[in-house]
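Peer 1:
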Amino acid sequence: MIGPEELLYLDSNATTAIDPAALASMRPFLEEFFANPSSGYGFAAQVRDAIEEAREQVAKLLGCEASEIVFTSGGTESNNTAFHSALEAAPDRRHVVTTAVEHSAVLRPAKDLETRGYAVTFLEVDESGQLNLNKLADAIRFDTALLSVMWANNETGVIFPIEEIAAIAREKNVPFHTDAVQAGGKIEIKLADVPLQFLSLSGHKFHGPKGVGALYVNRRARFRPLLLGGSHENNRRAGTENAASIIGFGKAAEIARAKMREEQVRVRGMRDRFERCLLERISGARVNGAGAERLPNTSSVMFDGIESDAALLMLDQKNLCCSAGSACRTGSLKPSHVLSAMGLLGDEARGSLRFSFSRFNTEAEVDRALKIVPEVIAKLRALAPAVTG
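Just so you know, we're using this note's numbering here: the sequence shown kicks off at 1 and counts up by one.
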């Protein structure tokens, strides 16, 4: 097995290492405090109280009320719940607006709706990965049941103007959902200032445990649960709570909030230096989405004359972990739908790699990456004539 001291992990948009403090907060609820939080005795009340503390921690990260947080199994469930709720609350509305660059946890539910007779508008983006807000406003119809636009793209890091989009949705009287799985814990979110109805969040994207997330539900939103059964989560999500993971999620949210400003600056500095040096050392390289505001940790770079799959294999041999896009499309031979939507040709999209940093990365690791990546790209380009010929 590869030891952590040998690993160069630059794939934090796929998942992150759990923060030791978050892990420590979970242990008592895996060992000693194992009660079902819905039970009526005092032993269970201790678990229930810890869950409510975690709800407060997540709410503070998002700048909302604790009562507006519903714990789920992760971003995918949160996204599907938002879609289900909005459509069930307005059965006469048979139209949905989203973007062509969403995560598959939004795109697949949207495409499934098309098979069930719904009309779905997939908004295009420009070469920098941004939306035309006039076209977005024009796409909303009298029968639009939901507008869903991600807060930040998982492949390029491009941040969408969520406050402006939310204002358009409010003016058009359409429920607005944002998939904030990549943005949460990385950039500041103040939901008190953003008039939206639903927001999806996932714990493992900012050093919390896997298998836990949250759906923000505006207290004024019409809500219909996806999972039916017991009265858990104030009748909004049935099923016994994953107490230990929820508590670790809450702790990770608390830490992310406390460290956000200083780590934004530090991580952005590492990312910017990495990009600058790559472009200086490798000809025919460019940053995808460079003209847009991006998450401070994310770098999608296109390299002329390479195939990302081959590059990933060679980088893996050197213990450098990155990706060709979303971890949820690993193994796909198709070029990234995000990069294709931005106008990249097939070879350009297939020649792109995503590097995503976290607060656990160091400047020394950036130096290692800046040695390894140019070597791998040069070797692949040298092999290319033999491979294609």
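Backbone N, C-alpha and C fix where the C-beta goes; we use that ideal spot for every residue, glycine too.
What you are looking at is a predicted structure, and each value in this text was computed from that prediction instead of being measured.
1) May I ask you to verify whether the stretch 243-257 touches the stretch 208-226, counting CB pairs closer than 8 Å and requiring at least 3?
2) Residues in the same chain with beta-carbon distance under 7 Å from Val194, minus the five sequence neighbours each way, listed in chain order, please.
3) Could you pull the DSSP bridge partners for His177 from this structure?
4) CB-CB under 6 Å to Thr15, same chain, minus the five flanking residues each way: which ones, in chain order?
5) Mapping DSSP to helix, strand and coil, what is Arg286?
6) Tell me the start and end of each unbroken alpha helix (DSSP H) in the stretch 114-164 that is at least 4 residues and wholly inside, in chain order.
7) When the Cα atoms are used, what is the spatial distance from Gly117 to Phe83?
8) Spell out whether any CB of chain B is found under 7 Å from the CB atom of Glu127.
9) Do Ala180 and Phe71 come within 7 Å of each other at the CB atom, strictly closer than that value?
10) If we ignore side chains and look at the alpha-carbon of each, how far apart do Gly185 and Met260 end up?
11) DSSP three-state label for His337, please.
12) My parser needs the alpha helix (DSSP H) runs of 4 or more residues fully inside the stretch 17-76; what are they?
13) Could you pull the start and end residues of the beta strand (DSSP E) that Phe303 belongs to?
14) I'd like to know whether the C-beta atoms of Ser245 and Val217 end up nearer to each other than 7 Å.
15) Pull up the distance between the alpha-carbon of Phe223 and that of Thr240, whole angstroms please.
16) Candidates Asn361, Ala21, Glu171 and Asn153: which alpha carbon is nearest Phe142's?
17) By the DSSP assignment, the alpha helix (DSSP H) with Ala310 in it spans what residues?
18) Please state if the CB of Val376 and the CB of Leu312 are separated by a distance shorter than 7 Å.
19) What does DSSP give as the partner residue(s) for Glu352 in the beta ladder?
20) Please classify Glu127 as buried or exposed, where buried requires at least 16 other C-beta atoms within 10 Å of its C-beta.
21) For Val387, name the three-state secondary structure that DSSP assigns.
22) By how many angstroms is the C-alpha of Leu136 removed from the C-alpha of Leu353?
23) What residue from Pro296, Ile282 and Glu88 has the CA that sits closest to Gln264's CA?
24) Verify whether the separation of the beta carbon atoms of Met150 and Glu102 is less than 7 Å.
25) Given Arg281, which residues of its chain have a CB within under 8 Å of its CB, disregarding the five upstream and five downstream residues?
Peer 2: Considering the structure as presented:
1) yes
2) Ile162, Glu163 and Ala166
3) Ser148 and Phe198
4) His204
5) strand
6) 133-139
7) 15 Å
8) Judged by its chain identifiers, the structure shown contains no chain B, having just a single protein chain.
9) no
10) 7 Å
11) helix
12) 20-31 and 42-62
13) Thr298 to Phe303
14) no
15) 20 Å
16) Glu171
17) Ser308 to Gln317
18) no
19) The displayed chain sequence assigns Ser, not Glu, to residue 352. BP columns for Ser352 point to Met302.
20) exposed
21) Unreliable positioning characterises Val387 in this predicted model, as indicated by a pLDDT of 42, which lies under 50. The coordinate reading is nonetheless provided below. DSSP places Val387 in helix when its eight states are reduced to three.
22) 29 Å
23) Pro296
24) yes
25) Leu370 and Pro374
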